[in-house]
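Numbering (the working numbering), first residue to last: 4 to 261. Read through the structure below, which is laid out as structure tokens, and then see the notes.
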């Protein structure tokens with residue numbers, strides 16, 4: 004008879020949660036957004052035991068206050084979220100790390116294990132104004148890959164967190180080509196992927212194919228769907244992501260794709 008420890012069933016190891024984004028929260032402070040205490044109340048009432056922190060500053064940033072608010076609602080945190088522009092090269096590292104380290108410290112203080120890292124938008128998510136070229140040069144891509152690896156190692160070594168890069172519409176990691184190129188260029192010991200099935204479908208990707216090909220690199224999952232009819236109009240009219248969301252392109256499963 005073997006004395007080897009028995010691993011718990013896979014389903015017992017899956018942590019299901021939600022995030023401020025599902026309440027329409029994109030910014031640390033916006034009077035049009037759901038107040039943070041209402042978000043916490045409603046996500047707990049909905050039965051989700053896990054949450055993400057959302058944009059830094061939306062939830063309380065004092066660890067003691069945040070732990071108290073979470074504890075009163077029996078909530079736990081799975082990840083923090085950061086936006087980065089590492090394709091701009093080593094010159095932005097100090098500014099990037101100053102922000103990431105604040106988020107990482109709070110994330111670690113509430114016993115979460117991940118940082119979800121979203122690349123910088125190439126056009127404004129609200130106005131749709133183009134702020135950069137949608138495709139990176141070879142040098143910019145190399146800087147992005149190297150910067151993400153550096154970020155992953157720093158987050159792991161200083162805070163014990165694993166980073167998972169989130170392909171996102173209107174960023175430089177969005178399409179299937181972007182994602183596979185990024186994964187092929189980076190080390191799994193430093194950085195892995197947060198697969199958002201909605202964003203990936205929005206940008207033409209096949210989530211099942213990605214899971215079959217790069218499953219060992221997917222460390223975190225956002226389950227979303229898109230409305231194919233609205234998406235077709237978005238593509239035809241070249242509508243930016245923010246206005247597309249206002250049109251209802253992101254829809255409630257199982258009414259959309261994938």
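Cβ atoms here follow ideal geometry from the backbone N, Cα and C, with glycine treated the same way. Every value quoted in this text rests on a predicted model; they were computed, and no experiment measured them.
Looking at the DSSP output, residue 55 bridges to 82. Under the three-state reduction of DSSP output, residue 223 falls in the strand class. The beta carbon of residue 237 sits closer than 6 Å to the beta carbons of 247, 252 from its chain, once the five residues preceding and following it are set aside; these are given in chain order. Beta-bridge analysis with DSSP links residue 165 to 117.
For residue 196, the uninterrupted beta strand (DSSP E) segment begins and ends at 194-199.
The three-state reading of DSSP puts residue 63 in coil, since its state is none of H, G, I, E or B. Taking residue 177 as reference, the option from 60, 76, 209 with the minimal CA-CA separation is 209. Spatial neighbours of residue 165 in its own chain (CB-CB distance under 8 Å, excluding positions within 5 residues in sequence) are listed in chain order as 116, 117, 118, 155, 158, 159, 195, 222.
Contact between the stretch 51-67 and the stretch 97-115 is present: 3 or more CB-CB pairs across the two stretches fall below 8 Å. For residue 260, the pairing in a beta bridge is given by DSSP as 229.
In its chain, beyond the 5 residues on either side, 131, 236, 250 have a beta carbon closer than 8 Å to the beta carbon of residue 242. Three or more beta-carbon pairs drawn from the stretch 48-64 and the stretch 81-91 are found closer than 8 Å, and the two stretches are therefore classed as touching. With contacts defined as CB atoms closer than 8 Å, residue 257 and residue 226 fail to qualify as a contacting pair.
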